[in-house]
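A.B. asks: Pasting in a structure now, in structure tokens, and then I'll have a few things to ask.
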Amino acid sequence: MPRRPLDVLRDIFGYDAFRGRQAEIIDHVVAGGDCLVVMPTGGGKSLCYQVPALCRAGVGIVVSPLIALMQDQVEALRQLGVRAAALNSALDAGAARAVERALRNGDLDLLYVAPERLMTERFLDLLDEAPIALFAIDEAHCVSQWGHDFRPEYLQLDVLHRRFPQVPRIGLTATADGPTRRDIATRLGLEEAPLFMAGFDRPNIRYTVVPKIEPRAGLKRFLDGRRGQAGVIYCMSRAKVETMAEWCVAQGFNALPYHAGLDRDLRARNHDRFLKDEGVIMVATIAFGMGIDKPDVRFVVHLDLPKTIEAYYQETGRAGRDGLPSEALLFYGIEDVARLRQLMAGSEAAEAFKRVERSKLEALLGFCETARCRRQVLLSYFGETDTRPCGNCDTCLHPVETRDGTVEAQKALSAVYRTGERFGAVHVIDVLTGNETEKVRQFGHHTIKTFGIGKDQPKDFWRGVLRQLAALGFIEVDLERHGALVLTDECRPVLRGEQRVELRIDPPKVTAARGEKRR
Ligand code: ADP
Ligand code: ZN
Numbered sequence: 001m002p003r004r005p006l007d008v009l010r011d012i013f014g015y016d017a018f019r020g021r022q023a024e025i026i027d028h029v030v031a032g033g034d035c036l037v038v039m040p041t042g043g044g045k046s047l048c049y050q051v052p053a054l055c056r057a058g059v060g061i062v063v064s065p066l067i068a069l070m071q072d073q074v075e076a077l078r079q080l081g082v083r084a085a086a087l088n089s090a091l092d093a094g095a096a097r098a099v100e101r102a103l104r105n106g107d108l109d110l111l112y113v114a115p116e117r118l119m120t121e122r123f124l125d126l127l128d129e130a131p132i133a134l135f136a137i138d139e140a141h142c143v144s145q146w147g148h149d150f151r152p153e154y155l156q157l158d159v160l161h162r163r164f165p166q167v168p169r170i171g172l173t174a175t176a177d178g179p180t181r182r183d184i185a186t187r188l189g190l191e192e193a194p195l196f197m198a199g200f201d202r203p204n205i206r207y208t209v210v211p212k213i214e215p216r217a218g219l220k221r222f223l224d225g226r227r228g229q230a231g232v233i234y235c236m237s238r239a240k241v242e243t244m245a246e247w248c249v250a251q252g253f254n255a256l257p258y259h260a261g262l263d264r265d266l267r268a269r270n271h272d273r274f275l276k277d278e279g280v281i282m283v284a285t286i287a288f289g290m291g292i293d294k295p296d297v298r299f300v301v302h303l304d305l306p307k308t309i310e311a312y313y314q315e316t317g318r319a320g321r322d323g324l325p326s327e328a329l330l331f332y333g334i335e336d337v338a339r340l341r342q343l344m345a346g347s348e349a350a351e352a353f354k355r356v357e358r359s360k361l362e363a364l365l366g367f368c369e370t371a372r373c374r375r376q377v378l379l380s381y382f383g384e385t386d387t388r389p390c391g392n393c394d395t396c397l398h399p400v401e402t403r404d405g406t407v408e409a410q411k412a413l414s415a416v417y418r419t420g421e422r423f424g425a426v427h428v429i430d431v432l433t434g435n436e437t438e439k440v441r442q443f444g445h446h447t448i449k450t451f452g453i454g455k456d457q458p459k460d461f462w463r464g465v466l467r468q469l470a471a472l473g474f475i476e477v478d479l480e481r482h483g484a485l486v487l488t489d490e491c492r493p494v495l496r497g498e499q500r501v502e503l504r505i506d507p508p509k510v511t512a513a514r515g516e517k518r519r
């Protein structure tokens, strides 16, 4: 008698109802369909294959690279009365034979196998004899070279669908930017299969991105409104962690530094205090991440741009695990764009890899410069496109105005050009606003045509224009030459008046204080 998914959920797992898209996914697999499931960690992926395995005839084969976790899952399933077993290198020969015998006799509901074990001819022959309910490919991103967990054995898993075409396959992962997603689908032969993505929204986190103008003043205002709350402040470098931690302490905040260069004991002690004491602010590099099991982290601040949207999502996701209102504040400036572009240009990676990295950077910059709801941009990056403006991010709360900025873009670009593409933003802005500094006079820049053509706008306005032009790829920042601004080929149509440039109007002041007022 085939069992119904909801009965299995209630009778075996003891839960009342499916969560999110579980029911949809499970129905699809029970009916024999393939699919790819992308959900964040803790989203409830396991039931998506465990329940169908119990509803369909035969054994569910689960491919997993994590031998250490396999045994835990098998134990947990056995506790529930499910006939589960694992087959991996941790087993001795006798135990492995017993599992194989159980498989042949149809005595198993679920069998977890390491990929290298699964791919042996001997094991595949065994599978020919046993009816199979489904193949679940856990940690499916391991098949992709774009991820950081690439496992060559995973590449051979496409054998499954050629050798057992009638058996449904379900790939599962928590990591899923566009390129990785497509790569997984291609390599596992799941191009035609539906993609189920869900659970990425963290509605209690309010996202705010502010231009990096006087970041310390902005940070101070933000922290003043949150005295006594626990939070994390991420910085790009160890040196910056140390100076910012000291600065926070000097401002009267209970802050501690954390980075991989600190003495082990000190690191452990700081970590411990963050977890146990109330209201500690951890100023850290991304080395601080694993094992932050603290539910009441009220804010995560990024003083520098994170590497990718995934990284940003993961780092900000450490806020508000208790579901209470929390903040994610990101400071973003032209030097961040420059630094990331330079990191990429200097990498030794293959061209295809760099192309993916570039598209990830573009996505991140798009997120920073968007005039749309930030949450929608974030979620659509993870494939959730049927969302509405959230009402709980800076752009929803304070809609961003955009306007035709073609003329301003032309002014800024020509100021860069006419000063010889040798100067940084500060000097270019001095020229634009007609600020006759010593340096301006030294280079005779007070005599050029562009001197003062932007004096109707304040410096911060021009800073915003230059940052957006960098984000849009019209100018590059040469870090080798002290941040000199350089024009790219892409800016030609703008200078010739053939391309319109839409600019967002930055808020006039550092707006980090926004979050202070809760509605
Ligand atoms: P993932 O594999 O996506 O990281 P898990 O499958 O381990 O997540 O599930 C995370 C937790 O949520 C587990 O403790 C699981 O028992 C629980 N869970 C999953 N689905 C449900 C549900 N429908 N009802 C109640 N609890 C659930
Ligand atoms: Zn929003």
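The numbers in the sequence shown follow UniProt numbering, run straight up by one, and end at 519. Beta carbons: idealized from backbone N, C-alpha and C, even for Gly. Bear in mind the structure is a predicted one, so any value in this text is a computation, not a measurement.
Between Leu160 and Ala86, what straight-line distance do the alpha-carbon atoms span, to the nearest angstrom?
C.D. replies: Computed Cα separation, rounded: 19 Å.
A.B. asks: Going along the chain, which unbroken runs of the alpha helix (DSSP H) with 4 or more residues stay wholly within the segment 89-165?
C.D. replies: Listed in chain order, the complete alpha helix (DSSP H) runs (minimum 4 residues) inside the segment 89-165 are 93-104, 115-118, 121-129, 152-155 and 159-163.
A.B. asks: Within the structure, which residues are defined as neighbours of ligand 2 by a Cβ-heavy atom distance below 7 Å, reported in chain order?
C.D. replies: Per the Cβ criterion, the list is Cys373, Arg374, Arg375, Gln376, Pro389, Cys390, Gly391, Asn392, Cys393, Thr395 and Cys396.
A.B. asks: Consider the C-beta atom of Ser46 and the heavy atoms of ligand 1; say whether any pair is separated by less than 7 Å.
C.D. replies: Yes, the Cβ of Ser46 comes within 7 Å of a heavy atom of ligand 1.
A.B. asks: Taking 6 Å as the limit between beta carbons, can you name the residues of its chain near Ala287, skipping five residues before and five after?
C.D. replies: Result list for Ala287: His259 and Ala260, in chain order.
A.B. asks: Can you give me the start and stop residues for the alpha helix (DSSP H) that Tyr207 sits inside?
C.D. replies: Premise fails: Tyr207 lies in the beta strand (DSSP E), Ile205 to Pro211, not in any alpha helix (DSSP H).
A.B. asks: As a quick exercise: from Gln342, Val477, Ala345 and Ala409, pick the residue whose alpha carbon is nearest that of Arg500.
C.D. replies: Nearest C-alpha to Arg500: Ala409.
A.B. asks: Measure the alpha-carbon distance for Ala512 versus Val249 and round it to whole angstroms.
C.D. replies: Residue placement at Ala512 cannot be trusted, given a pLDDT of 42 that sits under 50; what the coordinates show is reported in the next sentence. So the alpha carbons of these two residues sit roughly 19 Å apart.
A.B. asks: Rounded to the nearest angstrom, what separates Leu47 and Cys142 at their Cα positions?
C.D. replies: Going from the Cα of Leu47 to the Cα of Cys142 covers about 20 Å.
A.B. asks: Using a Cβ-based criterion (distance less than 7 Å to any ligand heavy atom), does Met290 qualify as near ligand 1?
C.D. replies: No, the beta carbon of Met290 sits no closer than 7 Å to any heavy atom of ligand 1.
A.B. asks: By DSSP, does Ala412 sit in helix, in strand, or in coil?
C.D. replies: Three-state result, Ala412: helix.
A.B. asks: Between the alpha carbons of Lys509 and Val400, how many angstroms are there, rounded?
C.D. replies: In this prediction, Lys509 scores a pLDDT of 49, lower than 50, which makes its location untrustworthy; the coordinate-derived value is nonetheless stated afterwards. Their backbone Cα atoms lie some 14 Å apart in a straight line.
A.B. asks: Which residues in the same chain have their Cβ closer than 7 Å to the Cβ of Glu516, if we skip the five residues on either side of it in sequence?
C.D. replies: Confidence at Glu516 is low in this model, with a pLDDT of 42, below 50, so its placement is unreliable and the value that follows should be read with caution. Result list for Glu516: Gly225, in chain order.
A.B. asks: Cβ of Gly317 versus every heavy atom of ligand 1: is any distance shorter than 7 Å?
C.D. replies: Every heavy atom of ligand 1 is 7 Å or more from the Cβ of Gly317, so no.
A.B. asks: Contact defined as beta carbons within less than 8 Å: I believe Leu495 pairs with Ser414. What is the distance between those atoms, to the nearest angstrom?
C.D. replies: About 7 Å separates the two Cβ atoms, so the contact holds.
A.B. asks: Bridge partners for Leu487 per DSSP, in chain order?
C.D. replies: In the DSSP output, where bridge partners are listed per residue, Leu487 has Ile475.
A.B. asks: When burial is assigned at 16 or more other CB atoms within 10 Å of the CB, is Glu139 buried or exposed?
C.D. replies: Buried: at least 16 other Cβ atoms inside 10 Å.
A.B. asks: For Glu436, which residues in the same chain have their Cβ closer than 7 Å to its Cβ, ignoring the five residues on either side in sequence?
C.D. replies: Result list for Glu436: His446, in chain order.
A.B. asks: Going residue by residue through the segment 303-385, where are the continuous alpha helix (DSSP H) segments of at least 4 residues, counting only ones entirely within it?
C.D. replies: Counting only runs of 4 or more, we get 309-316, 334-346, 351-369 and 374-381.
A.B. asks: Thinking just about the alpha-carbon of each residue, which of Ala98, Ala17, Thr308 and Val8 is nearest to the one in Gly81?
C.D. replies: Checking every option, the nearest Cα to that of Gly81 belongs to Val8.
A.B. asks: On the three-state DSSP scale, how would you describe Arg21?
C.D. replies: DSSP places Arg21 in coil when its eight states are reduced to three.
A.B. asks: For residue 568, does the three-state DSSP call read helix, strand or coil?
C.D. replies: Here the chain covers residues 1 to 519 and nothing more, so residue 568 does not appear.
A.B. asks: Does Gly178 come out as helix, strand or coil in the three-state DSSP assignment?
C.D. replies: Looking at Gly178 - three-state DSSP - the assignment turns out to be helix.
A.B. asks: In the DSSP assignment, find the alpha helix (DSSP H) that holds Ala85 and state where it starts and stops.
C.D. replies: It is not in any alpha helix (DSSP H) - Ala85 instead sits in the beta strand (DSSP E) that spans Ala84 to Leu87.
A.B. asks: Give me the Cα-Cα distance between Val280 and Ala352, rounded to the nearest whole angstrom.
C.D. replies: Near 43 Å, if we compare the C-alpha coordinates of Ala352 and Val280.
A.B. asks: Skipping 5 residues on each side, what residues in its chain have a beta carbon closer than 6 Å to that of Gly323?
C.D. replies: Same-chain partners within the cutoff: Asn204.
A.B. asks: Report yes if the C-beta of Met39 is less than 7 Å from at least one heavy atom of ligand 1; otherwise report no.
C.D. replies: Answer for Met39: yes, Cβ within range of ligand 1.
A.B. asks: Report back the beta-carbon spacing between Ile132 and Ile26 to the nearest angstrom; my notes put them in contact at under 8 Å.
C.D. replies: Contact doesn't hold; Cβ gap of about 17 Å is too wide.
A.B. asks: Which full runs of the beta strand (DSSP E) of 3+ residues lie inside the segment 388-464, going along the chain?
C.D. replies: Listed in chain order, they are 402-404.
A.B. asks: In whole angstroms, what separates the C-alpha of Thr243 from that of His302?
C.D. replies: Cα-Cα distance, rounded: 15 Å.
A.B. asks: Quick check: does the Cβ of Arg78 come within less than 7 Å of any heavy atom belonging to ligand 1?
C.D. replies: No, the Cβ of Arg78 stays beyond 7 Å of every heavy atom of ligand 1.
A.B. asks: Is the segment 97-117 touching the segment 27-44 in the sense that three or more CB pairs, one from each, lie closer than 8 Å?
C.D. replies: With a cut-off of 8 Å, the segment 97-117 and the segment 27-44 do not count as touching, because too few Cβ pairs lie within range.
A.B. asks: Beta carbon of Tyr15: closer than 7 Å to some heavy atom of ligand 1?
C.D. replies: At least one heavy atom of ligand 1 is nearer than 7 Å to the Cβ of Tyr15, so yes.
A.B. asks: Which residue's Cα is closest to the Cα of Arg504: Asp293, Phe274 and Pro211?
C.D. replies: Ranking Asp293, Phe274 and Pro211 by Cα distance to Arg504 puts Pro211 first.
A.B. asks: What would DSSP say about Phe196, mapped onto helix, strand or coil?
C.D. replies: DSSP places Phe196 in strand when its eight states are reduced to three.
A.B. asks: Is the beta carbon of Leu305 sitting closer than 8 Å to the one on Leu364?
C.D. replies: The answer is yes: Cβ separation under 8 Å.
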